[in-house]
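A short worksheet on the structure shown next.
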Amino acid sequence: MLNINKVVVAGHVGSVEIRYTSSGDAVLNLSIATNRRWTDKDGNKSEAVEWHRVVVFGKLAELVKDWVKKGTQVYVEGVLRTRKWQDKGGNDRWTTEIVLSGYNAVLQVIDKKEQKVKEPPKVEDADNSSAAEQVPDDLDIPQ
Numbered sequence: 013m014l015n016i017n018k019v020v021v022a023g024h025v026g027s028v029e030i031r032y033t034s035s036g037d038a039v040l041n042l043s044i045a046t047n048r049r050w051t052d053k054d055g056n057k058s059e060a061v062e063w064h065r066v067v068v069f070g071k072l073a074e075l076v077k078d079w080v081k082k083g084t085q086v087y088v089e090g091v092l093r094t095r096k097w098q099d100k101g102g103n104d105r106w107t108t109e110i111v112l113s114g115y116n117a118v119l120q121v122i123d124k125k126e127q128k129v130k131e132p133p134k135v136e137d138a139d140n141s142s143a144a145e146q147v148p149d150d151l152d153i154p155q
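With positions in the sequence shown counted from 1, the corresponding number in our numbering is that position plus 12.
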């Protein structure tokens, strides 16, 4: 049986935040907005914004932080992951995120003026490949 976990999102960046794990690995959190527009049966136009949480790991996170800011239009491909964590009150919480790590991750900046895709520089460090492919289950990142 074939199993596929792949998510593709293209939209505008809302927030950008970089953090570091206790071991010093970079973790970049992005929010990306996508819009859904429709016309109802009475001809009224409507729009809804959906926010997507994206997490980028390792050296790719270090590179991406210099390429994206609020308002940047991006195209991302990653995997969907839901993780469980506890808030300060000890309550269980769940967060679903698009995770970009390893060689299957794609993040492209779209230059709106020229409608061209600009890719961040490639990560050539061999040490990053093994770390990026092993996304930790417990990110050890303060909420």
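Note that CB positions come from ideal geometry on N, CA and C, so glycine has one too.
Taking the C-beta atoms as reference points, L119 is found no nearer than 7 Å to K77. Minimum Cα-Cα distance from T33 among the listed residues E89, A73, V80 corresponds to A73. DSSP places K71 inside the alpha helix (DSSP H), whose first and last residues are 70-76.
Distance from the CA of S27 to the CA of V68, rounded to the nearest whole angstrom, comes to 13 Å. Residue pairing for V86: DSSP places it in a beta bridge opposite G23, V121. Following the DSSP letters along the chain, one finds S43 inside the beta strand (DSSP E) bounded by residues 38-51. If you ignore the 5 residues before and after D52, its C-beta comes within less than 7 Å of the C-beta of S58, all in its own chain and listed in chain order.
When DSSP states are grouped into helix, strand and coil, Y32 belongs to the strand group.
DSSP, reduced to helix, strand and coil, places L92 within a strand of the structure shown.
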